[in-house]
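From first to last, the protein sequence lines stand for chains R and H. First residue of the first sequence: 230, per the working numbering; consecutive thereafter. First residue of the second sequence: 230, per the working numbering; consecutive thereafter. Ideal Cβ placement from N, Cα and C applies to all residues, glycine included. Heads up: the structure comes next, in structure tokens.
Protein chains: 2
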Amino acid sequence: MSALKGAVLFGQSGGPTSVINASAAGVFLEALKHEEITAVYGAEHGIKGILEEKLVDIGQEDRHELELLKSTPSSALGSVRYKLKKAEENETDYKRILEVFTKYNIRYFFYNGGNDSMDTCNKISKYLQSKNYECRIIGVPKTVDNDLMGTDHCPGYGSAAKYVATTMMELYLDTHVYNTPMVTVVEIMGRNAGWLAAAAALANYKGLGPDLIYLPERVFSVEGFLEDIKRVAARKNGKVLAAISEGIKDERGRYISEYNSDLARDSFGHAQLGGAAAVLGGIISDQLNVKVRPIEFSLMQRCAAHIASATDREEAFMAGAMAVRYALAGNTDKMVGFARVAGPKYKIEYQLVDLAVTANAEKKVPLAWINPDNSGLTDDFIAYALPLIQGEGEYPTEDGLPRFARLKKIRAKGDK
Amino acid sequence: MSALKGAVLFGQSGGPTSVINASAAGVFLEALKHEEITAVYGAEHGIKGILEEKLVDIGQEDRHELELLKSTPSSALGSVRYKLKKAEENETDYKRILEVFTKYNIRYFFYNGGNDSMDTCNKISKYLQSKNYECRIIGVPKTVDNDLMGTDHCPGYGSAAKYVATTMMELYLDTHVYNTPMVTVVEIMGRNAGWLAAAAALANYKGLGPDLIYLPERVFSVEGFLEDIKRVAARKNGKVLAAISEGIKDERGRYISEYNSDLARDSFGHAQLGGAAAVLGGIISDQLNVKVRPIEFSLMQRCAAHIASATDREEAFMAGAMAVRYALAGNTDKMVGFARVAGPKYKIEYQLVDLAVTANAEKKVPLAWINPDNSGLTDDFIAYALPLIQGEGEYPTEDGLPRFARLKKIRAKGDK
């Protein structure tokens, strides 16, 4: 271990989650404890905030408000989707990053995101090393998609999965109140990996889940889907509840959501917006002549902090705190990952994963966990996912509404 | 007061809510206490269950499961949309009702629903009186629309309003994470009355709400809407969050959701489904050339029992219990209503309302409470609505998911 004195910089990147700020709280509250750390900064809108030198001095924030970040959804510092070019192709951004890091004496950089963010960490790390600028860089994982390699699961997934499973149970009850036929199609996030839609199977585990679940890991056949619907309808009095991943694709590799092309226009000639559920709803309505309700969990599934998993929130916080501890211990060029400890009781250990492992891969739902008849997921999936949604993530309220963190220095919100 | 010995019958009607079963629990648990009451029955799918003699003996249910009804969303007995003809026009249904009531010695009938259900109560009551069949009939109000006359507010509204306000705050944070322009249009239930969309203003009260709110109480102008969006976008870096009632109508009285007529077809020629938010999303995308995300709170807003208002749940329970007490005290032909007691602290008193008052009217949001520039609702609305969402409606869990009531005798679900 070597003592490296300097400032911490933390940034958030990619789509937010219900617990992404718990990781921020973990980084901030841990970093503020250590003498080697001379200052703690947050970058507004991730890499962009670094390039534009929009750094927030976290030391000036109230500690209680930083604690409240644990239950405040959606990137408090603002997020960004910005892909760094290779340094060999264009050094401009890298030079600017080195300039800002030098100015603020940034010696610890933590970046919170998914595959792309780990790639960003990796590139910055290599560049700074090539310039002999000592900086320890650790990635903090985050994604409701749960598709990062090198970790048992990702912070953000458990809470989104808890939202999906709970809401599915509630929807099951709601969609069964009338004794008339109706098909409900619920669209769940997941472009290439079906982990989150798979979480609907947790509602099945409690007897109140969808009859059918479709993940992007398997080719989606519209004809097969209609057959499945008819089969369930015949058995269940015309009532069908189906869950689909947004990223389901047909035999030709075309996204079902893309069927809704720019040819979809209403009677006034306006474009129609909608995803795969809206498309399939239209097809069912046309072909099966039955009442259909498409539902999208939309942004709610990734920001419903009021129903966060306590397990997920704690792990997200610890992922941030561990990143700081690992860096102080001399590690760099890694991502914090979770390893599940074998045994009857759920337990994880934190571990370090090479950035390169997560930067260039996507972890998908094992095909062996998906029932071939689209009726859901196997017990292996339930055993995998159930521990991740345990515990009600409590949140402070004020006037019957969530009391989210109020930070003084952050100008990232659109209205400032 | 006169002691009338006989059985209780209870039914649920119309769209469900998060707390509709709390009223059922109120009726059941109160009724089971009294000696005059010889049996307690639930009708499956409301009036239809009476006509088909599908009655459930509630006395055989486990008391603990009946308690769990308080936190179980969506009509546990099953619901129905069935409008009784006038007895003068067709007596068939009424004769059947009298037959079933006589067979089971039903002397107390409680019906839980909205305007139509109160009309049903009224008609049955008049018919039974005309046949000299003594039966005390009390309506129990229920609707997320909050549009019943004769009561300060309706059970079900507070919980749906809490869902809307909380989710709006979460969405506000989510939709502001990127510093790129985006318009988000959120569609909220309410066909003719805008109470539920108005609840989005509670999020504004906490500083994290929509920039624009449109209720069906005012004529909706698409041109005005686009101007409002442009105005807010210019001030807020291109970021706009708008809330609309599903029932907004244009100058000619046409529902905006109907713009999405059967002419809306995708590139495969399939019908496109979607409501007013999808329609307006398309218009914004076409006319303003900006990224748009339409979001529908869909069924979630009326079944999200995990975020029920404790105040609403308790009032819903008491509305059921009070119906029984009022009937035992000799009242009939009434609905249980809430009167708000004047004073600095929120307090309600229960009262009886003539069925005819609620059967034929809709209560709308006062125009004076709606800001003319569509920026939201006035302080008078906040003072009205805020007390209704107070308290976190706790719910028992099992495996990290809600533990809903499991009733032995109820076959109402579609899959039985």
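What first and last residue would you give for the beta strand (DSSP E) that runs through M564/H? Counted from its first residue, the second sequence places residue 564/H at position 335. Counting along the chain, the beta strand (DSSP E) containing M564/H begins and ends at K563 to R569.
Check whether the region 528 to 539 of chain H touches the region 624 to 636 of chain H, taking contact to mean three or more Cβ pairs, one atom from each stretch, closer than 8 Å. Between the region 528 to 539 of chain H and the region 624 to 636 of chain H, the count of C-beta pairs closer than 8 Å reaches three or more; the two stretches touch.
I need the boundaries of the beta strand (DSSP E) containing D286/H, first residue and last residue. Walking along the second sequence from the start, residue 286/H turns up at place 57. Start and end: L284 to D286.
Could you round the C-beta distance between Q243/H and S354/H to whole angstroms and report it? I think they count as a contact, below 8 Å. For the purposes of this step, residue 243/H is taken as the residue at position 14 of the second sequence. For the purposes of this step, residue 354/H is taken as the residue at position 125 of the second sequence. According to the sequence as given, residue 243/H is Gly; it is not Gln. 18 Å between Cβ atoms; not a contact.
For A597/R, count the other beta carbons within 10 Å of its own beta carbon; 16 or more makes it buried, fewer makes it exposed. Which is it? What you label residue 597/R is simply residue 368 of the first sequence in a count that begins at 1. Within 10 angstroms of the beta-carbon of A597/R lie fewer than 16 other beta-carbons, which makes it exposed.
Chain-ordered neighbours of E621/H on chain R, where CB pairs are closer than 7 Å: Residue 621/H sits at position 392 when you count from the first residue of the second sequence. Neighbours of E621/H on chain R, chain order: T626.
Any C-beta of chain R under 8 Å from that of R460/H: For the purposes of this step, residue 460/H is identified with residue 231 of the second sequence, where counting begins at 1. No - not a single Cβ of chain R is within 8 Å of the one on R460/H.
Assumed close pair N289/H, K638/H - CB separation to whole angstroms, cut-off 8 Å: Working through the second sequence from its first residue, we reach residue 289/H at position 60. Working through the second sequence from its first residue, we reach residue 638/H at position 409. Position check: residue 289/H holds Gln in this sequence, whereas Asn was assumed. Sure, about 6 Å apart at Cβ, within 8 Å.
Interface flag, G643/R vs chain H, CB-CB below 8 Å: Residue 643/R sits at position 414 when you count from the first residue of the first sequence. For G643/R, the pLDDT reaches just 44, beneath the cut-off of 50, and the residue's location in the model is therefore unreliable, leaving the point undetermined.
So, is the C-beta of P302/R closer than 8 Å to a C-beta in chain H? Within the first sequence, the letter at position 73 stands for residue 302/R. Any Cβ of chain H closer than 8 Å to the Cβ of P302/R would place that residue at the interface, and such an atom is present.
Would you call the region 283 to 302 of chain R in contact with the region 244 to 256 of chain R, where contact means no fewer than 3 C-beta pairs closer than 8 Å? Yes, since at least three Cβ pairs between the region 283 to 302 of chain R and the region 244 to 256 of chain R fall closer than 8 Å, the two stretches touch.
Y237/H lies in the beta strand (DSSP E); which residues open and close that run? Start at 1 with the first residue of the second sequence, and residue 237/H comes out as number 8. In the sequence under discussion, the amino acid at residue 237/H is Val, which differs from the Tyr named in the question. Run containing V237/H: G235 to Q241, per the beta strand (DSSP E) assignment.
Extent of the continuous beta strand (DSSP E) to which I611/R belongs: For this step, residue 611/R is matched to residue 382 along the first sequence. Careful: I611/R lies outside any beta strand (DSSP E), inside the alpha helix (DSSP H) at D608 to A614.
Here's the rule: buried if 16 or more other CB atoms are within 10 angstroms of the residue's CB, otherwise exposed. What is R531/H? Here residue 531/H is taken as the residue at index 302 of the second sequence, counted from 1. Per the 10 Å Cβ criterion, buried.
Start-to-end residues for the alpha helix (DSSP H) that takes in G467/H: For this step, residue 467/H is matched to residue 238 along the second sequence. Where G467/H is concerned, there is no enclosing alpha helix (DSSP H), given that its DSSP letter is neither H nor E.
For Y443/H, return the contacting residues in chain R, with the cut-off set at a CB-CB distance below 7 Å. Sequence index remark: in the second sequence, residue 443/H carries index 214 (1-based). None at all; the shortest Cβ gap to chain R is about 18 Å.
Inter-residue CB distance, L581/H and N560/H (contact presumed, cutoff 8 Å): Numbered from 1 along the second sequence, position 352 holds the residue referred to as residue 581/H. Numbered from 1 along the second sequence, position 331 holds the residue referred to as residue 560/H. The beta carbons of L581/H and N560/H sit about 6 Å from each other, so the pair counts as a contact at 8 Å.
Using the C-alpha atoms, what's the distance from G271/R back to G278/R? Numbered from its first residue, the first sequence carries residue 278/R at position 49. Numbered from its first residue, the first sequence carries residue 271/R at position 42. Between G278/R and G271/R, the alpha-carbon positions lie close to 9 Å from each other.
Count the C-beta pairs between the region 419 to 432 of chain R and the region 584 to 601 of chain R that are closer than 8 Å, then say yes if the count reaches three, no if not. Contact holds between the region 419 to 432 of chain R and the region 584 to 601 of chain R, because three or more Cβ pairs, one in each stretch, are under 8 Å apart.
Measure from the C-beta of A534/R to each C-beta in chain H and report whether the shortest distance is under 8 Å. Here residue 534/R corresponds to residue number 305 of the first sequence, with the count starting at 1. Judged by the 8 Å Cβ criterion, A534/R is in contact with chain H.
Neighbouring residues, chain R, relative to P370/H (Cβ below 8 Å): Taking the second sequence and counting its residues from 1, the one referred to as residue 370/H is at position 141. Listed by position along chain R, the residues whose Cβ is nearer than 8 Å to that of P370/H form an empty set, because the closest Cβ is around 18 Å away.
Show which residues of chain H have a CB atom less than 7 Å away from the CB atom of S527/R. Here residue 527/R refers to the residue found at position 298 of the first sequence. Those within 7 Å of S527/R in chain H are I524.
Can you check which of these residues, N421/R, A612/R, L557/R and V521/R, is closest to P573/R by C-alpha distance? Counted from its first residue, the first sequence places residue 573/R at position 344. Nearest C-alpha to P573/R: A612/R.
Starting from F184/H, trace the beta strand (DSSP E) in both directions and tell me its first and last residue. Within the shown structure, residues of chain H are numbered from 230 to 645, placing residue 184/H beyond reach of any answer.
For Y667/R, report the span of its beta strand (DSSP E) as first-last. With chain R represented from 230 up to 645, any question about residue 667/R goes unanswered, as that position is not in the structure.
With 8 Å as the threshold, decide whether the Cβ of A394/H is near any Cβ in chain R. The sequence position of residue 394/H within the second sequence is 165, counting from 1. At least one chain R Cβ lies under 8 Å of A394/H.
Any idea what DSSP makes of I485/H, helix, strand or coil? To locate residue 485/H, count along the second sequence from 1; it is residue 256. Under the three-state reduction of DSSP output, I485/H falls in the helix class.
Please give the ranges of any alpha helix (DSSP H) in the region 509 to 572 of chain H, keeping only runs that are unbroken, at least 4 residues long and fully inside the region. Qualifying alpha helix (DSSP H) stretches, in chain order: 529 to 532 and 539 to 557.
Between the C-alpha atoms of R336/H and G275/H, what's the straight-line distance to the nearest angstrom? Taking the first residue of the second sequence as position 1, residue 336/H is located at position 107. Taking the first residue of the second sequence as position 1, residue 275/H is located at position 46. One C-alpha to the other measures close to 17 Å.
Roughly how many angstroms lie between the CA atoms of E475/R and A422/R, to the nearest whole one? The residue you call residue 475/R lines up with position 246 of the first sequence. The residue you call residue 422/R lines up with position 193 of the first sequence. Taken atom to atom, the span from the alpha-carbon of E475/R to that of A422/R is near 10 Å.
How big is the Cα-Cα spacing for R554/H and V237/H? To locate residue 554/H, count along the second sequence from 1; it is residue 325. To locate residue 237/H, count along the second sequence from 1; it is residue 8. A straight-line Cα-Cα distance of about 12 Å links R554/H and V237/H.
K563/H to Y579/H span [Cα, whole Å]: Stepping through the second sequence from its first residue, residue 563/H is reached at position 334. Stepping through the second sequence from its first residue, residue 579/H is reached at position 350. Annotation: K563/H to Y579/H spans about 12 Å, alpha carbon to alpha carbon.
Just checking my contact of E273/R with V285/R at CB under 8 Å: how many whole Å lie between their CB atoms? By one-based count along the first sequence, residue 273/R stands at place 44. By one-based count along the first sequence, residue 285/R stands at place 56. Their Cβ separation, rounded to whole angstroms, is 6 Å, which keeps E273/R and V285/R in contact under 8 Å.
Helix or strand or just coil, what does DSSP make of K277/H? Locating residue 277/H in the second sequence gives position 48, where the first residue counts as 1. Three-state DSSP puts K277/H in a helix.
For R447/H, which option in R460/H, L431/H and I473/H has the closest C-alpha, if you only look at C-alpha atoms? Reading the second sequence from its first residue, position 218 is the one you call residue 447/H. Comparing alpha-carbon positions, the option among R460/H, L431/H and I473/H lying closest to R447/H turns out to be I473/H.
Leaving out the 5 sequence neighbours to the left and right, which residues in its chain are closer than 6 Å to R460/R when beta-carbon positions are compared? As a position in the first sequence, residue 460/R is number 231, starting the count at 1. Apart from sequence neighbours up to five positions away, no residue of its chain approaches R460/R with a beta-carbon distance below 6 Å.
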